[in-house]
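Undergrad: Structure incoming, see below.
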Amino acid sequence: MENRLYFNRLETLTEDKKKLIKKINLERESIGYYSLPKQNIDDILEFTENFDESIENIVVLGIGGSSLGAKAIYEFLKPIEQPKRSLFFFESTDPLNIADLLKQIDMDKTHFLIISKSGGTVETISIFKYIYAPNPDKRRFTFITDKGSSLDKFAEDLGSKRFYLPDNVGGRFSVLSVVGLMPLALCGIDIKALLKGADDVCDSFFEEGLLKYALLDKALYYAKNHARYNINCIFAYSETLKYFTEWYVQLWGESLGKKQRCSAFNVGLTPIGLIGPKDQHSFLQLIMEGTRDKSVTFIKLREFEHEMYIPPVTLKHLESLDMLNDIAFHDLINMQCDSVIEALKNEKEVPLDEIIIPAVNAESIGALMYYYELLTSLVGELIDVNTYDQPGVEAGKIILKEKLQSR
8 MENRLYFNRL
18 ETLTEDKKKL
28 IKKINLERES
38 IGYYSLPKQN
48 IDDILEFTEN
58 FDESIENIVV
68 LGIGGSSLGA
78 KAIYEFLKPI
88 EQPKRSLFFF
98 ESTDPLNIAD
108 LLKQIDMDKT
118 HFLIISKSGG
128 TVETISIFKY
138 IYAPNPDKRR
148 FTFITDKGSS
158 LDKFAEDLGS
168 KRFYLPDNVG
178 GRFSVLSVVG
188 LMPLALCGID
198 IKALLKGADD
208 VCDSFFEEGL
218 LKYALLDKAL
228 YYAKNHARYN
238 INCIFAYSET
248 LKYFTEWYVQ
258 LWGESLGKKQ
268 RCSAFNVGLT
278 PIGLIGPKDQ
288 HSFLQLIMEG
298 TRDKSVTFIK
308 LREFEHEMYI
318 PPVTLKHLES
328 LDMLNDIAFH
338 DLINMQCDSV
348 IEALKNEKEV
358 PLDEIIIPAV
368 NAESIGALMY
378 YYELLTSLVG
388 ELIDVNTYDQ
398 PGVEAGKIIL
408 KEKLQSR
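Mapping the sequence shown onto the working numbering, position 215 (from 1) lands on 222, and the numbers just tick up by one.
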């Protein structure tokens with residue numbers, strides 16, 4: 008992947024970069040996601056190779072970091088790579104959503120992955136109870152949790168297969184762990200290629216590659232201007248990236264919206280996910296002429312694989328649009344993206360950058376997701392927050408459990 012920055016007044020800030028690299032290298036010793044691209048996945052591959060061939064559906068019972076990452080990768084690859092099995096996600100306690108999803112699956116041909124790091128996720132366990140109660144067959148379930156959690160103990164008593172999260176890997180940084188790799192591998196996605204893409208970005212950053220300085224410059228710019236440009240938009244020019252933008256919103260919002268460690272100030276960078284060209288007809292107006300508080304990252308595909316051309320047809324009363332004739336759709340969508348970038352460059356007060364993905368494949372999405380995890384860690388360190396906790400989320404969970412206990 009390639010990252011081009013178009014920031015105004017971008018400074019070198021050599022000493023700041025050196026300090027940041029030192030802090031990230033220190034953090035790398037204790038935070039688990041950094042090492043995931045180089046992990047051993049033999050146990051996952053062995054499980055998938057010996058999996059029941061009669062199973063047609065994989066269902067993930069999980070929420071947030073337990074589902075968004077795998078969903079983003081699956082939906083990115085699905086238009087190009089025919090999945091071996093269908094993948095479904097139960098992420099909500101909305102009864103309409105639960106009923107609708109259950110209509111779509113044959114329970115006798117479905118395997119359930121129950122994913123909860125703590126083992127006490129209300130949404131996940133409530134849906135699990137609903138599915139488990141009528142047919143408590145241990146063969147239908149595999150559990151992914153922390154070793155020793157309440158869910159681990161339940162699964163052990165049930166006699167179901169269990170997998171454990173690596174140490175110090177939080178939910179929103181877990182997509183390249185067993186949390187994301189297991190459901191994707193069961194659907195036939197090449198998880199080795201996925202990890203290779205992430206590893207390429209990892210090596211590029213930690214071993215003086217080209218992405219290192221793009222990431223450092225981008226993080227420093229965001230941090231130094233976070234009071235002014237406190238809204239960060241991803242404008243992805245492919246429908247395949249729709250769920251990637253949802254994953255990014257959780258990663259960015261839950262990691263960076265905090266009280267600072269060394270002060271009482273509340274800080275954060277608000278994430279917004281957009282899809283082009285659709286959102287050119289809505290949100291672009293606000294970016295173009297609204298308050299100058301937004302930065303924008305455009306994500307483009309270099310190769311779309313499908314060669315589809317607009318036929319050379321003249322339509323009565325629409326002759327002015329004959330300029331579209333014989334243009335490939337992949338060229339048209341990237342021309343639309345480039346035109347918006349050029350228009351925003353002329354505004355001069357909107358910080359822009361552009362990420363170019365080579366193609367729709369596992370390596371590309373693995374690289375993109377690891378890139379954003381690194382960027383999140385860099386910005387979190389610079390704005391002085393604990394990137395890996397979520398006390399604001401926990402407060403709501405505590406109140407909910409109190410309400411449930413008082414029923």
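Ideal placement from N, C-alpha and C gives every residue a C-beta, glycine not left out.
Helix, strand or coil for residue 180? Go by DSSP, reduced to three states.
TA: helix
Undergrad: Taking three-plus beta-carbon pairs below 8 Å as touching, is the region 171-181 in contact with the region 191-204?
TA: no
Undergrad: Can you tell me which residues form a DSSP beta bridge with residue 303?
TA: DSSP output for residue 303 lists 240 and 359 as bridge partner(s).
Undergrad: Just to confirm before moving on: does the CB-CB distance between residue 152 and residue 124 stay below 8 Å?
TA: yes
Undergrad: Would you check if the distance between the CB atom of residue 254 and the CB atom of residue 79 is smaller than 8 Å?
TA: yes
Undergrad: Where does residue 279 fall in DSSP's three states?
TA: strand
Undergrad: Tell me whether residue 13 sits in a helix, a strand or coil according to DSSP, three-state version.
TA: Looking at residue 13 - three-state DSSP - the assignment turns out to be coil, as it is neither helix nor strand.
Undergrad: By a C-beta neighbour count over all protein chains shown, 10 Å radius and 16 as the cutoff for buried, is residue 272 buried or exposed?
TA: So residue 272 ends up on the exposed side.
Undergrad: Here's the rule: buried if 16 or more other CB atoms are within 10 angstroms of the residue's CB, otherwise exposed. What is residue 32?
TA: exposed
Undergrad: Please report how far the alpha carbon of residue 304 lies from the alpha carbon of residue 26, in whole angstroms.
TA: 25 Å
Undergrad: Taking C-alpha atoms, which residue in 340, 263, 405 and 190 lies nearest to residue 52?
TA: 190
Undergrad: Tell whether a beta-carbon distance below 8 Å holds between residue 71 and residue 257.
TA: yes
Undergrad: Between which two residues does the alpha helix (DSSP H) containing residue 75 stretch?
TA: Its alpha helix (DSSP H) spans residues 75-84.
Undergrad: Under 8 Å between the Cβ atoms of residue 267 and residue 392?
TA: yes
Undergrad: Could you name the residues of the same chain whose beta carbon sits closer than 6 Å to that of residue 242, not counting the 5 residues immediately before and after it, in chain order?
TA: 281, 283, 303 and 305
Undergrad: Are three or more beta carbon pairs between the region 341-352 and the region 230-246 nearer than 8 Å?
TA: yes
Undergrad: Are there 16 or more other CB atoms within 10 angstroms of the CB of residue 265, so buried, or fewer, so exposed?
TA: buried
Undergrad: Strictly by DSSP, which residues pair up with residue 151?
TA: 122 and 170
Undergrad: Return the first residue and the last residue of the beta strand (DSSP E) that residue 99 is part of.
TA: For residue 99, there is no enclosing beta strand (DSSP E), as DSSP gives it neither H nor E.
Undergrad: Considering Cα atoms alone, identify which of 315, 87 and 352 is closest to residue 295.
TA: 352
Undergrad: Determine the contact status of residue 108 and residue 119, defining contact as a CB-CB distance below 8 Å.
TA: No, they are not a contact pair.
Undergrad: For the region 88-102 against the region 57-67, are there 3 or more C-beta pairs whose distance is under 8 Å?
TA: yes
Undergrad: I need the DSSP call for residue 327, collapsed to helix, strand or coil.
TA: helix
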